[in-house]
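S.K.: The structure is given below, and queries will be raised subsequently.
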Amino acid sequence: MSVTLPPAAGPVGTPGGDPAGAPGLVPDQPGVGLWRGAFRRLRRNPTAIAGAVIILLFVLVAVFAPLLTSYQPGAAEDAGKVTPLTVPGPSEDHWLGLDRYGSDMWTQLVYGARQSLLYGVVSTAIGLTLGAGLGAIAGGFGALGGRVGGWVDNAVMRFVDIMLSVPSLLLAVSIVAVLGQNAYAVMIAIGVAQVPIFARLLRGSMLSQGKADYVLAAGALGLRKRRIVAGHMVPNAIGPTIVQATLNLATAIIEVAALSYLGLGESDPAVAEWGRMLVAAQERFDSAARLALLPGFAIAITALGFTLLGEAMREALDPRTRR
Amino acid sequence: MLRFALRRLALMVPVLFGLSVLLFAWVRALPGDPARSLLGERATPEAIVAVNEAYGFDQPLLQQYLTYVKALLQGDFGSSIQSGADVLTTFGDRFPATVELALTAMLFAIVVGVPLGYLAARNQGRLLDTAVVSGSLLGVATPVFFLAILLKLVFADWLGWLPTALRQDPRIDATHITNFYVLDGFLTREWDAAWDAMLHLALPAIALGTIPLAIIVRITRASVAEVLHEDYVRTAESKGLSRGTISRRHVLRNALLPVVTTIGLQAGLLLSGAVLTETVFGFNGIGSYLFQAISTRDFPVLQGFIIFIAVIYSLINLVVDLLYGVIDPRVRVS
Numbered sequence: 000m001s002v003t004l005p006p007a008a009g010p011v012g013t014p015g016g017d018p019a020g021a022p023g024l025v026p027d028q029p030g031v032g033l034w035r036g037a038f039r040r041l042r043r044n045p046t047a048i049a050g051a052v053i054i055l056l057f058v059l060v061a062v063f064a065p066l067l068t069s070y071q072p073g074a075a076e077d078a079g080k081v082t083p084l085t086v087p088g089p090s091e092d093h094w095l096g097l098d099r100y101g102s103d104m105w106t107q108l109v110y111g112a113r114q115s116l117l118y119g120v121v122s123t124a125i126g127l128t129l130g131a132g133l134g135a136i137a138g139g140f141g142a143l144g145g146r147v148g149g150w151v152d153n154a155v156m157r158f159v160d161i162m163l164s165v166p167s168l169l170l171a172v173s174i175v176a177v178l179g180q181n182a183y184a185v186m187i188a189i190g191v192a193q194v195p196i197f198a199r200l201l202r203g204s205m206l207s208q209g210k211a212d213y214v215l216a217a218g219a220l221g222l223r224k225r226r227i228v229a230g231h232m233v234p235n236a237i238g239p240t241i242v243q244a245t246l247n248l249a250t251a252i253i254e255v256a257a258l259s260y261l262g263l264g265e266s267d268p269a270v271a272e273w274g275r276m277l278v279a280a281q282e283r284f285d286s287a288a289r290l291a292l293l294p295g296f297a298i299a300i301t302a303l304g305f306t307l308l309g310e311a312m313r314e315a316l317d318p319r320t321r322r
Numbered sequence: 000m001l002r003f004a005l006r007r008l009a010l011m012v013p014v015l016f017g018l019s020v021l022l023f024a025w026v027r028a029l030p031g032d033p034a035r036s037l038l039g040e041r042a043t044p045e046a047i048v049a050v051n052e053a054y055g056f057d058q059p060l061l062q063q064y065l066t067y068v069k070a071l072l073q074g075d076f077g078s079s080i081q082s083g084a085d086v087l088t089t090f091g092d093r094f095p096a097t098v099e100l101a102l103t104a105m106l107f108a109i110v111v112g113v114p115l116g117y118l119a120a121r122n123q124g125r126l127l128d129t130a131v132v133s134g135s136l137l138g139v140a141t142p143v144f145f146l147a148i149l150l151k152l153v154f155a156d157w158l159g160w161l162p163t164a165l166r167q168d169p170r171i172d173a174t175h176i177t178n179f180y181v182l183d184g185f186l187t188r189e190w191d192a193a194w195d196a197m198l199h200l201a202l203p204a205i206a207l208g209t210i211p212l213a214i215i216v217r218i219t220r221a222s223v224a225e226v227l228h229e230d231y232v233r234t235a236e237s238k239g240l241s242r243g244t245i246s247r248r249h250v251l252r253n254a255l256l257p258v259v260t261t262i263g264l265q266a267g268l269l270l271s272g273a274v275l276t277e278t279v280f281g282f283n284g285i286g287s288y289l290f291q292a293i294s295t296r297d298f299p300v301l302q303g304f305i306i307f308i309a310v311i312y313s314l315i316n317l318v319v320d321l322l323y324g325v326i327d328p329r330v331r332v333s
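So the sequences go chain by chain: S and L.
Going by numbering that gives the first Met the number 0, the first sequence opens with residue 0, and the numbers climb by one from there.
Going by numbering that gives the first Met the number 0, the second sequence opens with residue 0, and the numbers climb by one from there.
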C-alpha cells in the first residue's frame with residue numbers, strides 16, 4: 000500500500016484501543032485509535048472505495064427494488080412470447096429482455112439482489128455470532144483459565160475441527176436435509192458453515208493477547224476474568240474477525256447461489272434468486288447466453304465488492320502495513 | 000518425525016469419533032422415520048421392518064450407536080436408495096475421476112500460481128503486480144459454477160475447441176484398469192485415449208483450479224514480499240550470490256511454508272467445488288454422484304459421503320503437516 004500518512008499514534012493492542020479511540024489523554028497531541036486510524040487509511044485506499052461503491056450500489060438496488068421496475072418478480076406476464084427455441088431479447092418494454100419463463104429479466108435481477116443481501120447478511124450474522132462466541136469461550140478459557148481452561152479450549156476447538164472436516168457445502172446440505180428446504184434452513188446452513196473460521200480467528204488473536212500487559216493489568220486491578228475477556232480481550236482481538244465477516248459476505252452470497260444451483264435453495268417461483276436464474280438459463284445457452292451471463296456477473300460483482308472492501312480493511316488494520 | 004506423525008494421527012481419532020456421533024444424531028434428526036428416510040417414500044412395510052432390525056432402530060440409543068459405528072468400521076455404508084448399489088463400491092468406482100480432476104486442478108493452480116505470486120512480489124507496485132492482484136481478487140469472487148458455465152459456453156459451445164461433457168469420448172474403446180483415465184491411457188499405451196481424457200479434463204480442471212489459484216497467488220505474493228525483507232536475504236545478496244540462487248535457496252524455500260499450508264486447506268474447498276464443477280460438465284466423479292444424491296435425497300449416500308470426505312480431508316491435513324516438517328526443519332525439532 001503506497002499511502003503516505005502521518006504516523007498513527009495509537010499502537011495496536013493497547014487498552015485505549017476501543018472503537019472511539021482515546022481522545023484527550025494527551026491534550027496537545029490527540030492519539031489516533033486503532034479503528035479511527037484504520038478508517039483514515041481506508042478512506043484513501045482506492046480498493047476500499049471501489050468495494051464500498053459496489054456494495055452501496057448493491058444495497059441501494061436491493062432496498063429500492065420496487066422503485067426500479069414496474070414488474071413483479073416471477074410474474075411471467077409474457078410467458079406466451081417464450082418459445083422452446085427463442086427467448087425474446089431486449090425490447091422497449093423489457094430493456095434486458097425476458098427470462099425463460101417470460102418474466103422481465105431486469106426485475107428478476109433487481110429482486111435477486113434483495114435475496115442475496117438478505118441471505119448473505121443473515122447467514123454471516125449467524126456464523127459470526129456462533130463462531131465468535133465459540134472463539135471467545137475457547138480463547139478466554141485458553142488464555143486465562145489455567146489447566147481447566149486449557150481443557151475447555153481444547154474441547155471447543157476439537158468440535159470446531161469436526162465442523163471443519165466437513166466441507167462447507169456438504170455441511171449446508173446436511174443441515175438443509177434436516178430442517179427442510181426453506182429460507183431459514185438455507186441461512187442457518189450457510190451461517191453454521193462459517194462458524195469454524197470465525198471461531199479459529201478470534202481464539203487465535205485472543206490467545207496471542209493472553210500475556211499482553213493490559214490483560215495482566217486488568218487482572219492486577221482485580222477485575223473478574225469474565226469482565227477481562229468480554230470487556231478487554233474481545234474488543235481488542237475482534238478486528239481480524241470483523242474483516243473476515245466482510246470477506247465472508249462474499250462467500251455467503253456465492254454459497255447461497257451454489258445451494259440454489261444444487262436445487263437446495265429457495266423454491267418459490269415468485270422469489271427471484273440469482274443462483275436459480277443461472278440453473279434455469281443453462282438449458283437456453285445456445286439461444287440466449289445473456290440469461291446465464293447477467294445473474295452470473297451480478298453474483299461475481301457483488302462478491303467482488305465485499306472482497307475488495309474486506310481486503311482493504313485487512314490491510315488497514317494490519318499494523319505491518321503502517322510502517 | 001515418526002512420533003510427530005503418530006501423534007497427529009492420534010489427534011484424528013477424537014475428531015472422527017465426534018463426527019460419528021454427530022452423523023448418528025443427523026441420521027436420526029432427518030425428517031420422518033429413520034428407516035423410511037433411509038429407504039425412501041415407497042418402501043414396503045417389510046423393508047422398513049428389515050431395516051429397523053438391521054440397524055437396530057428398536058434398541059436403546061447407545062446400543063444403536065454402537066451398531067452404527069460397527070457397521071461403519073466394517074465399511075458398510077449401506078446402499079443407495081435410488082440405484083440400490085453399494086455406496087462404498089460406487090465411491091471406489093467414481094473416486095479416481097474426482098482425484099484426477101482435483102489433482103489436475105491443483106497442479107494448474109500451483110504451476111501458474113506460485114510463479115505469478117513470486118513475480119508479483121518481485122515487482123511490487125508495478126503494473127504486473129496490480130494485474131495479478133486484481134485478477135486474483137476477481138478469481139476469488141467468481142462462483143465456481145458460473146466460471147464452469149462460462150468456460151463451457153466459450154471454449155466448448157462457441158469455439159468448439161474442447162469437449163463439453165463426460166470424461167472421455169465414448170467412441171474411444173479405452174481399457175480401464177485403475178479408472179484414472181489418463182493414467183490408464185499411459186498404462187495401456189492407448190495414447191489417443193489418454194490425450195482424449197486430458198482434453199476432457201482441461202476445462203473442469205481450470206474451473207475448479209481458479210479459486211485455489213487465486214488464493215495461492217496471493218499467499219505466495221504476501222509471503223515472498225515478507226521474506227524479501229529478511230536479513231538473511233540481504234546477507235545472501237551482500238555475499239554476492241546470484242539472483243537465481245537467492246530465489247531458490249533463500250526466498251522460495253522460506254516463502255513456501257504458508258503456501259503449503261494453504262494448499263492443504265484447499266482440499267475441502269476442492270471437494271465442494273468438485274460437486275459443482277462435475278455437475279456442470281457431466282463429469283462422472285463423486286461430485287456429480289453427490290449432486291444426484293442431493294437432488295433425490297439419497298441419505299445413505301450423503302452420509303457415506305460425509306464420512307468419506309471427512310476422513311480424506313483429515314488425512315490430507317496430516318500429510319500437509321508432515322510436509323511442513325520436511326520443508327521446515329524447525330517444526331521437526333519442536
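For every residue, glycine included, the Cβ atom is placed at its ideal position computed from N, Cα and C.
From a predicted model like this one, the values you see are computed outputs, not experimental measurements.
So for Leu22 (chain L), helix, strand or coil by DSSP?
M.R.: Leu22 (chain L) falls in the helix class under three-state DSSP.
S.K.: Please identify, using Cβ separations under 8 Å, the residues of the region 167-198 of chain S that lie next to chain L, in order along the chain.
M.R.: Going along the region 167-198 of chain S in chain order, one finds Ser167, Leu168, Leu169, Val172, Ser173, Ala176, Val177 and Gly179 with a Cβ nearer than 8 Å to chain L.
S.K.: What's the C-alpha gap between Met276 (chain S) and Pro294 (chain S)?
M.R.: C-alpha separation (whole angstroms): 7 Å.
S.K.: Using the Cα positions of Arg217 (chain L) and Val159 (chain S), report the straight-line distance between them to the nearest angstrom.
M.R.: Taking the straight line joining both Cα atoms gives about 26 Å.
S.K.: Using the C-alpha atoms, what's the distance from Gly124 (chain L) back to Arg247 (chain L)?
M.R.: Each residue's alpha carbon lies about 23 Å from the other.
S.K.: Determine, using beta carbons only, whether Thr306 (chain S) comes closer than 9 Å to chain L.
M.R.: Interface residue, yes.
S.K.: Alpha carbon to alpha carbon, how far is Val20 (chain L) from Tyr64 (chain L)?
M.R.: Whole-angstrom Cα-Cα distance: 8 Å.
S.K.: Report the residue from L:Ala235, L:Val274, L:Gly303 and L:Gly184 whose alpha carbon sits nearest the alpha carbon of Gly77 (chain L).
M.R.: If we check each option's Cα against that of Gly77 (chain L), L:Gly303 comes out closest.
S.K.: How would you list, in chain order, the residues of chain S whose beta-carbon sits under 7 Å from the beta-carbon of Val139 (chain L)?
M.R.: Within 7 Å Cβ-Cβ: Thr306.
S.K.: How far does the alpha helix (DSSP H) with Gly347 (chain L) in it extend, from its first residue to its last?
M.R.: As shown, chain L starts at 0 and ends at 333. That puts residue 347 (chain L) outside it, with no answer to give.
S.K.: Can you check whether the CB of Phe90 (chain L) is closer than 9 Å to the CB of Phe280 (chain L)?
M.R.: No, these two residues do not count as a Cβ contact at 9 Å.
S.K.: To which residues does DSSP link Ser78 (chain L) through a beta bridge?
M.R.: Answer is L:Asp85.
S.K.: With a cut-off of 8 Å, do at least 3 Cβ pairs link the region 301-310 of chain S to the region 243-257 of chain S?
M.R.: Verdict: yes, contact present.
S.K.: Counting only beta-carbon atoms, is Ser271 (chain L) nearer than 9 Å to chain B?
M.R.: Among the protein chains in the structure shown, which are S and L, there is no chain B.
S.K.: Name, please, each residue of chain S whose Cβ falls closer than 7 Å to the Cβ of Ser294 (chain L).
M.R.: Those within 7 Å of Ser294 (chain L) in chain S are Gly262.
S.K.: Let me make sure I understand the geometry here. Which of S:Pro195, S:Gly262, S:Ser69 and S:Pro45 has the alpha-carbon closest to that of Val172 (chain S)?
M.R.: Closest option to Val172 (chain S), Cα to Cα, is S:Gly262.
S.K.: Comparing alpha-carbon positions, which option in S:Asp267, S:Leu200 and S:Arg223 lies nearest Ile237 (chain S)?
M.R.: With distances taken between Cα atoms, Ile237 (chain S) lies closest to S:Leu200.
S.K.: In this structure, how does DSSP classify Leu158 (chain L) when only helix, strand and coil are distinguished?
M.R.: It is coil, neither helix nor strand.
S.K.: Just the chain L side, please: which residues come within less than 7 Å of Ser164 (chain S) by C-beta, in chain order?
M.R.: Going along chain L in sequence order, the residues near Ser164 (chain S) (Cβ under 7 Å) are Val14, Leu18, Ala309, Tyr312 and Ser313.
S.K.: Any C-beta of chain L sitting closer than 9 Å to the C-beta of Thr3 (chain S)?
M.R.: Caution is warranted here: a pLDDT of 40 is assigned to Thr3 (chain S), below 50, making its placement in the model unreliable, and the coordinate value is therefore given only provisionally. No, Thr3 (chain S) lies away from the interface with chain L (no Cβ there is under 9 Å from its Cβ).
S.K.: Starting from Leu198 (chain L), follow the alpha helix (DSSP H) in both directions and report where the run begins and ends.
M.R.: Residues Trp190 to Leu227.
S.K.: When you compare the CB of Pro59 (chain L) with every CB in chain S, is at least one pair closer than 9 Å?
M.R.: No, no contact with chain S.
S.K.: Are the C-beta atoms of Phe94 (chain L) and some chain S residue less than 9 Å apart?
M.R.: By this cut-off, Phe94 (chain L) is not an interface position.
S.K.: Using a Cβ-Cβ cut-off of 8 Å (strictly less than) and excluding sequence neighbours within five positions of Asp156 (chain L), which residues of its own chain qualify?
M.R.: The residues are Thr163.
S.K.: Using a threshold of 9 Å, state whether the C-beta atoms of Leu106 (chain L) and Gly263 (chain L) are closer than that.
M.R.: Against a cut-off of 9 Å, the Cβ pair of Gly263 (chain L) and Leu106 (chain L) comes out as no contact.
S.K.: Report the residue from S:Leu316, S:Trp273, S:Pro268 and S:Ala288 whose alpha carbon sits nearest the alpha carbon of Ile241 (chain S).
M.R.: It is S:Leu316.
S.K.: Express the C-alpha separation of Ser82 (chain L) and Leu269 (chain L) in angstroms, rounding to a whole number.
M.R.: When rounded, the distance between both Cα atoms is 26 Å.
S.K.: Between the region 243-274 of chain L and chain S, which residues of the former have a C-beta closer than 8 Å to a C-beta of the latter?
M.R.: Against chain S - using a Cβ distance shorter than 8 Å - the residues of the region 243-274 of chain L are Gly267, Leu268, Leu270, Ser271 and Val274.
S.K.: Which residue comes first and which comes last in the alpha helix (DSSP H) that contains Arg157 (chain S)?
M.R.: That run of the alpha helix (DSSP H) goes Gly145 to Ser164.
S.K.: Just the C-alpha distance for Ala112 (chain S) and Leu97 (chain S), rounded to the nearest angstrom, thanks.
M.R.: Distance between the alpha carbons of Ala112 (chain S) and Leu97 (chain S): 17 Å.
S.K.: Between S:Val214, S:Ser164, S:Ala269 and S:Ala184, which has its C-alpha nearest Val14 (chain L)'s C-alpha?
M.R.: Minimum Cα distance to Val14 (chain L) is reached at S:Ser164.
S.K.: Which of the three DSSP states is assigned to Gly20 (chain S) in this structure?
M.R.: With a pLDDT of 45 at Gly20 (chain S), under the threshold of 50, the modelled position of that residue is not reliable, and the figure given next carries that caveat. In the structure shown, Gly20 (chain S) sits in coil (DSSP, three-state: anything other than H, G, I, E or B).
S.K.: Mind checking which residues open and close the alpha helix (DSSP H) that includes Tyr70 (chain S)?
M.R.: Neither: Tyr70 (chain S) is in no alpha helix (DSSP H) and is coded neither H nor E.
S.K.: Using the beta-carbon of each residue, which ones in chain S are nearer than 7 Å to Ile214 (chain L)?
M.R.: Result: empty, since nearest Cβ-Cβ is about 12 Å, beyond 7 Å.
S.K.: Given a cut-off of 9 Å on the beta-carbon distance, is the pair Thr250 (chain S) and Ala176 (chain S) in contact?
M.R.: Cβ distance not < 9 Å, so Thr250 (chain S) and Ala176 (chain S) don't count as in contact.
S.K.: Excluding the 5 residues flanking Ala269 (chain S) on each side, which residues of the same chain have their C-beta closer than 7 Å to its C-beta?
M.R.: Cβ neighbours of Ala269 (chain S) beyond the five flanking positions: Pro72 and Gly73.
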